[in-house]
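Counted the way mature numbering (1 follows the signal peptide of the UniProt record, and there is no 0) counts, the sequence shown spans residues -18 to -1, 1 to 362.
No residue lacks a Cβ here, since even glycine has one placed at the ideal position from N, Cα and C.
In this text, all values refer to a predicted model and were calculated from it rather than measured experimentally.
Here the structure comes first, spelled out in structure tokens, and everything after it is commentary.
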Amino acid sequence: MAIFILMFLCCVVSSSSSSSLTTATTATRATTDVELLLYKIKPTLQGQGKSESLLLSSWNESIPLCQWRGLKWVFSNGSSLNCDSLSSPPWSSLSLYKNPSLHLQSLQLPSANLSGTIPRELGELSALQTLYLGVNSLSQGVPLELVIAPHLQMLILDRICLLALSPLPFGTSVIASFRFAFMVLDLSNNMFTGLIPNDMAQLNLDKLNLSFNNFTGMLPNFGDTKFGPEAFKGNDPGLCGYPLRNCNGGTSLTPGAIAGLVIGLMTGSVVAVSVLIGYMQNRRRKNRGENEDDLEECEEDDTTGEAGEAKLADGGTIALRLLREGCCKDRSSCLPVVKQLGRLRHENLDPLRAFYQGKRGEKLLICDYVPTRTLHELLH
């Protein structure tokens, strides 16, 4: 029995030693970006007990490094590893993954059926500039080690169902670590909650997308921001601040927008007043023209018409004036006026002798004939 116990303890110690040795060997091997990617990042992205992703299955020592999917490499001197040409030596080289001067520059695995978590070891990739893991099912939020990666410029983690019940890891110390390297940050279509950190406004971002999460509270002051409302839409209704609604319930406007609104209102008022003045003047001018036309017509009705003269059988002469059409529309309205004219008598007035209306409606005023003379001759 004692011998059996002794043999069991030896097996346990041997197994433990073997396991420790294997772990230590793996940790020791993960000294380059390639080894870190293969032994740390790959299993974390895939998740325990999950079927291997088709893209991740290409990350294998038996496959040339240039054929590993979703990756771009760069050497320590800054030159890129040329994996575009199928006939180039790197495309079929199996020894590149052992090259310590190779560094991972870009990792892009959108829609790759990833079900694990975002590896903290991504922050150890010193040359990593682009990380795109959108449209996957990753969990446990964004690790701080990734956010403070020294050269990371583009972080796209949209639609990966992230649950982040704690605030985003964007504190003052984190922002200081960026050294303004970040250019694109896309965390849209996730389940982030809470406040958007104020220190995020210090990032010199070209593109920001935090839409369709559950952020609430006041937005950071991005100043004269290039980010429109679409960068923050789809969040909690309590999210407020420019360029969304004002946190006091009104519309949030910058001083420039307010000045533009005032100028626009003033310009609109001037235009409206000008149009109104022009309308009133045109209307007044039209009324004045109609009145002048009426007056002119009346004057013409009273004193003018086609004039002529006629010789009588006894040798006398009479003056005839043909009234214009429209002066007397019908006999009933015309005769009273003619009778009034016939009763007028004055030394300077040529008396009306008769009125004639023909079958076709022509109307004639018959007066005494006065030879044409000047006004001076008539008055003196």
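Notebook entry, point to check: Going by other Cβ atoms of all chains shown within 10 Å of its Cβ, with 16 needed for buried, is residue 11 buried or exposed?
Noted result: Along the sequence shown, read from residue 1 onward, the residue named residue 11 stands at position 29. Its pLDDT being 43, under 50, residue 11 is placed unreliably by the model, and nothing is read from it.
Check: Just the Cα atoms here: how many angstroms apart are residue 247 and residue 259?
Finding: Mapped onto the sequence shown, residue 247 falls at position 265. Mapped onto the sequence shown, residue 259 falls at position 277. If you take the alpha carbons of residue 247 and residue 259, they lie about 18 angstroms apart.
Next item on the list: Taking residue 101 as the reference, give the member of 188, 27, 215 with the closest Cα.
Entry: Numbered from 1 along the sequence shown, position 119 holds the residue referred to as residue 101. Answer by Cα proximity: 27.
Next item on the list: Can you tell me which of the three DSSP states residue 135 falls into?
Entry: For the purposes of this step, residue 135 is taken as the residue at position 153 of the sequence shown. Three-state result, residue 135: coil.
Notebook entry, point to check: Alpha carbon to alpha carbon, what distance is there between residue 105 and residue 225?
Noted result: Locating residue 225 in the sequence shown gives position 243, where the first residue counts as 1. Locating residue 105 in the sequence shown gives position 123, where the first residue counts as 1. If I take the Cα positions, the gap works out to 33 angstroms.
Next item on the list: List the residues that DSSP assigns as beta-bridge partners of residue 426.
Entry: Residue coverage of the chain in this structure runs from -18 to 362, which leaves residue 426 outside it and unanswerable.
Check: Below 8 angstroms, can you find three or more Cβ-Cβ pairs linking the region 85 to 97 to the region 35 to 54?
Finding: yes
Check: When we look at the beta-carbon of residue 439 and count the other beta-carbons within 10 Å, is it buried (16 or more) or exposed?
Finding: No answer is possible for residue 439: it lies beyond the span of the chain, which begins at -18 and ends at 362.
Item checked: Of the listed residues 314, 253, 178, nearest to residue 343 (C-alpha basis) -> Counting from 1 along the sequence shown, the entry for residue 343 is found at position 361. Nearest option by C-alpha distance: 314.
Notebook entry, point to check: Looking only at C-alpha atoms, which of 142, 113, 140 sits nearest to residue 129?
Noted result: As a working note, residue 129 is residue 147 in the sequence shown. Residue 113 is the option with its Cα nearest to residue 129.
Notebook entry, point to check: Given that a residue counts as buried once 16 or more other Cβ atoms are within 10 Å of its Cβ, and exposed if not, what is residue 345?
Noted result: Looking up residue 345 in the sequence shown gives position 363. Answer is buried; the Cβ neighbour count reaches 16.
Next item on the list: Look at the alpha carbon of residue 223 and the alpha carbon of residue 203, and state the distance between them as a whole number of angstroms.
Entry: Taking the sequence shown and counting its residues from 1, one reaches residue 223 at position 241. Taking the sequence shown and counting its residues from 1, one reaches residue 203 at position 221. One C-alpha to the other measures close to 8 angstroms.
Note to self: For residue 182 and residue 196, which I take to be in contact (beta-carbon distance under 8 angstroms), what is that distance rounded to the nearest angstrom?
What the structure shows: The residue given as residue 182 occupies position 200 in the sequence shown. The residue given as residue 196 occupies position 214 in the sequence shown. Contact flag wrong, Cβ pair sits at about 17 angstroms.
Margin query: Under 8 angstroms: does the beta carbon of residue 76 sit that close to some heavy atom of the ligand GDP?
Written below: Within the structure as shown, the ligand GDP is missing, as the structure has no ligands at all.
Next item on the list: Would you mind stating whether residue 120 and residue 139 have Cβ atoms separated by less than 9 angstroms?
Entry: Counted from its first residue, the sequence shown places residue 120 at position 138. Counted from its first residue, the sequence shown places residue 139 at position 157. Cβ atoms of residue 120 and residue 139: closer than 9 angstroms.
Check: Apart from the five residues just before and just after residue 290, which ones in its own chain have a Cβ nearer than 6 angstroms to its Cβ?
Finding: By one-based count along the sequence shown, residue 290 stands at place 308. Only 302 meet the Cβ criterion.
Note to self: Please state the DSSP three-state secondary structure of residue 44.
What the structure shows: Within the sequence shown, numbered from 1, the residue matching residue 44 stands at position 62. Looking at residue 44 - three-state DSSP - the assignment turns out to be coil, as it is neither helix nor strand.
Checklist line | Coil, strand or helix - residue 166 by DSSP | finding: Here residue 166 refers to the residue found at position 184 of the sequence shown. Three-state DSSP puts residue 166 in a strand.
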